[in-house]
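First up is the structure itself, then whatever we jot down about it.
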Amino acid sequence: MNKLNTWLLKNIFWILLYLAISGLLFQFVDILNFKQDSFIKWIYLFFDFSYTDLKFFDLEVFTFKRNLVDGSYYFKSYLDIVFYLLFIISVVVYKLSNYRETKVIKFCLSIISLFTILSFLYQVYILFIFFELKGFLGILFLLKAVLTFYVCYFYLKTWKLEREYIQSEENQLSDFKTFQLKPASKWKRLAHHIIDVFLILCIFSKNLFDFYIRTLIQDFQSLVGENIAGWIIFFVFTTTYYLIFEALFKATPAKYLTQTSVVSLDKKPVSFLNILGRTLSRKIPFEGFSFLGKLGLHDSLSKTTVADQVKEPSQYKVFYFVFITLCVLFFLYEILVVFHFIHGF
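For the sequence shown, the numbering used here begins at 5 and goes up steadily by one.
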């Protein structure tokens, strides 16, 4: 394992670049329907590590539609393409910054890591039902998911340890001043909430439209009713999201973007019980309004908070600004087309 970890660190740029570029290319393999070709299909099976499937309730604004030869349509989310373009930019910035600027790469890898976990669990479920049909391919898919998750997890944990080392050095200043972590501002906390909820909807929307899972959801709705089922499903989705990210990394994708993380109020290491307390406390009715005070309920009850970490100075913000501006303009154009204000190409 040490040899593998050493190899991963030595080739970090090329591995990240492969994950980013191959992820983007395989989105177009889907769109152009190249998987019908047997050679392309085998390449896809062995070399595709793009586990993301971001949707937003299949809204037309975020969806590409292509007419197929048989008269049917193929639908693909634009969000996956945007995600892998962002991933490529973040890898390039990482290289240009001499391997220092990692916040956007962390954002991307954290999302991929969650998708690999969900894909692994889903594939186990499918193998259990259709093992004779999915045997070899299903096992290959599982192995790739495990490998991809390990790569993402290893890099995220390595960067986390490096950050903690830097902070421990800050603690030992020559004048012996106590180093205090600065609590994240309320505006950052609000941004975390908005970004994380959007990601929860994008990540788990696929499950709402998958045939097998949709059947299970419909059966569940018939037992408890639509409203209760909807609340329970959202509870499961949000709990899964926060538990996985904050238990493993002490940060969600949104927190990676703002360079913040979960810390303990009593200066002890954040435990799984702390994270479980944070996650369940979020379900208290009107809990969000508690942040109008000094400390929110899911902070005070779990004895944790969100604090700013050592900042990575960025010289490449213009890359992200241009990219985000182009994305906003593109989706505004899509909105105008969908609502027939203008004609699309």
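All residues carry an ideal CB built from backbone N, CA and C; glycine is no exception.
Being a predicted model, the structure only gives us computed values, none of them experimental.
CA-to-CA, the gap between TRP191 and PHE239 works out to about 24 angstroms.
Of the candidates TYR245, ILE198, LYS186, the residue whose Cα lies closest to the Cα of ILE207 is TYR245.
For TYR22 and THR152, the gap between their C-alpha atoms comes out near 12 angstroms.
Judged by pairs of C-beta atoms under 8 angstroms, the segment 265 to 284 touches the segment 305 to 321, as three or more such pairs exist. Assigned with DSSP and collapsed to three states, PHE61 falls in coil, not helix or strand.
For ALA311, the enclosing beta strand (DSSP E) starts and ends at 308 to 312.
If one requires a minimum length of 4 residues, the alpha helix (DSSP H) runs lying completely within the segment 189 to 264 are 190 to 213, 215 to 228, 230 to 253, 257 to 262, in chain order. In this structure, THR120 places its C-beta atom within 7 angstroms of the C-beta atom of ALA149. Exposed is the label assigned to GLY234, since fewer than 16 other Cβ atoms lie within 10 Å of its Cβ. Looking at the backbone, the Cα of PHE323 and that of VAL97 are separated by about 8 angstroms.
Per DSSP, GLY281 is one residue of the alpha helix (DSSP H) stretching across 276 to 285. Here HIS302 is buried: its Cβ has 16 or more other Cβ atoms, across all protein chains shown, within 10 Å.
Looking only at ASP312, PHE66, VAL266, THR243, the smallest Cα-Cα distance to CYS331 is reached by PHE66. For ASN9, the enclosing alpha helix (DSSP H) has its first and last residue at 6 to 14.
Residues VAL274, THR308 of the same chain have their beta carbon placed closer than 6 angstroms to that of SER268, with the five preceding and five following residues left out of the count. For GLU105, no alpha helix (DSSP H) run applies, since DSSP gives it neither H nor E.
Within a 10 Å sphere around the beta-carbon of PRO317 sit fewer than 16 other beta-carbons, which makes this residue exposed.
Per DSSP, ASP303 is one residue of the alpha helix (DSSP H) stretching across 301 to 304. Taking the Cα positions, THR264 is about 7 angstroms away from ALA255.
As the crow flies, the alpha-carbon of GLN319 is around 24 angstroms from that of LEU333. In the structure shown, SER26 falls within a helical segment according to DSSP collapsed to helix, strand and coil. ARG193 counts as buried, since no fewer than 16 other beta carbons sit within 10 angstroms of its beta carbon. If you draw a straight line from the Cα of ILE199 to the Cα of LYS14, it is about 33 angstroms long. According to the DSSP assignment, PHE327 belongs to the alpha helix (DSSP H) that extends over 321 to 342. For THR67, the secondary structure class from DSSP, reduced to helix, strand or coil, is strand.
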